[in-house]
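As structure tokens, the structure follows; a few thoughts come after it.
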Amino acid sequence: MEITSFVKKIKKKLFNFRDKNGLFFTKTRVFGANNRIIRDRGCRISNLQIKIFGDNNIIHIGRGTKIENMKIDIRSNGGSVTIGESCRMFDLHFMVEGPKGGKISIGRGAYCRGGNFSVYDSFDIEVGDDCLLAHGLDVMTGDAHSIIDLETQKRMNKHKSIKIHNHVWICAKVAILKGVEIGSNSIVGLGSVVAKSIPPDSLAVGVPAKVIKKNISWDEDRTMTD
Numbered sequence: 000m001e002i003t004s005f006v007k008k009i010k011k012k013l014f015n016f017r018d019k020n021g022l023f024f025t026k027t028r029v030f031g032a033n034n035r036i037i038r039d040r041g042c043r044i045s046n047l048q049i050k051i052f053g054d055n056n057i058i059h060i061g062r063g064t065k066i067e068n069m070k071i072d073i074r075s076n077g078g079s080v081t082i083g084e085s086c087r088m089f090d091l092h093f094m095v096e097g098p099k100g101g102k103i104s105i106g107r108g109a110y111c112r113g114g115n116f117s118v119y120d121s122f123d124i125e126v127g128d129d130c131l132l133a134h135g136l137d138v139m140t141g142d143a144h145s146i147i148d149l150e151t152q153k154r155m156n157k158h159k160s161i162k163i164h165n166h167v168w169i170c171a172k173v174a175i176l177k178g179v180e181i182g183s184n185s186i187v188g189l190g191s192v193v194a195k196s197i198p199p200d201s202l203a204v205g206v207p208a209k210v211i212k213k214n215i216s217w218d219e220d221r222t223m224t225d
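All the letters of the sequence shown, read from the start, carry residue numbers 0 to 225 under numbering that gives the first Met the number 0.
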């Protein structure tokens, strides 16, 4: 069903839901058919706002995950947002947009504190297990608007998927651009712009981000001793 046509045919569904764990959904709007919102047991959720415009979309929140102040917007057909078990998600905006759908997938045990994840068309953002993502993060599979070659009249800046592997630490105010893959155990430093892929076990910083040290890893413990 075309995104522009189904709004006229489907009535808006607006609901709030409250359970023993506190406020689950607020201002949830669903336009379309066969959309599903799944929450596993043991979640702690407050101020989660969801908007779905389209058919056959799914949102799945894993067991034991904590969410505060988050918005999920899906304007697509066949799109998905999956948040794994035991995640901690704060002050985030997830958007999936485009006629063919796309997906945002967050692995088990991830910590995300403030940022925007934007998926366009049928491309994906995949974050692995045990990742630490600081505030001010922008992750985008495209540039949002089109850049046109005047000779061919074709689009030059096509969308590409993004993959962040397991156990990656992204510091504050980082931008991760289309087509990037960040290898496991790696670190991206404060304020970096990641325009090219980063290999595993690496420390990368700068605009654009470049690898400055290899054969490293990291630990979330702030009090580790030598």
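For each residue, glycine too, the CB sits at the ideal point set by N, CA and C.
Check V173 in the structure and name its three-state DSSP category.
Coil at V173, not helix or strand.
Span separating the alpha-carbon of C71 from that of P98
Note on residue identity: the sequence assigns Ile, not Cys, to residue 71. Rounded to whole angstroms, I71 to P98 spans 17 Å at the Cα level.
With distances taken from CA atoms, which of Q152, G78, G190 and V206 is nearest F122?
Closest option to F122, Cα to Cα, is G78.
Have a look at L22 and G41 and give me their C-alpha separation to the nearest angstrom.
Below a pLDDT of 50, predicted positions are generally treated as unreliable, and L22, at 46, falls in that range; no measurement from the model is reported.
State the beta-bridge partners of E180 as determined by DSSP.
Within the DSSP secondary-structure output, E180 pairs in a beta bridge with K162.
Secondary structure at K195, three-state DSSP: helix, strand or coil?
K195: coil per DSSP, three-state reduction.
Selection from R87, G101, G188 and K209 that minimises the alpha carbon distance to V168
With the sequence shown as reference, residue 168 is identified as Trp, and Val is not the correct amino acid for it. Of the candidates R87, G101, G188 and K209, the one whose C-alpha sits nearest the C-alpha of W168 is G188.
Would you give the residue range spanned by the beta strand (DSSP E) that G114 belongs to?
For G114, the enclosing beta strand (DSSP E) covers residues Y110 to Y119.
Taking the C-alpha atoms as reference points, what is the distance between G31 and I147?
Cα to Cα, G31 sits roughly 32 Å from I147.
If contacts are defined as beta-carbon pairs under 8 Å, then S85 and R107 qualify, I think. What distance do you get, rounded to the angstrom?
Indeed they touch by this definition, with Cβ atoms about 6 Å apart.
Grab me the residues of S183's own chain with a C-beta within less than 8 Å of its C-beta, minus the 5 sequence neighbours each way, in chain order.
Result list for S183: G127, H164, N165, H166, V167, P199 and D200, in chain order.
Compute the Euclidean distance between the alpha carbons of F309 and T151, then round it to the nearest angstrom.
What the structure shows of the chain is the stretch from 0 to 225, and residue 309 is not part of that stretch, so it cannot be assessed.
S75 - partner residues in DSSP beta bridges:
Its beta-bridge partners are G97.
H144 versus D54 - alpha carbon distance
Their Cα atoms are separated by approximately 24 Å.
N56 by DSSP, collapsed to three states: which one?
N56: coil per DSSP, three-state reduction.
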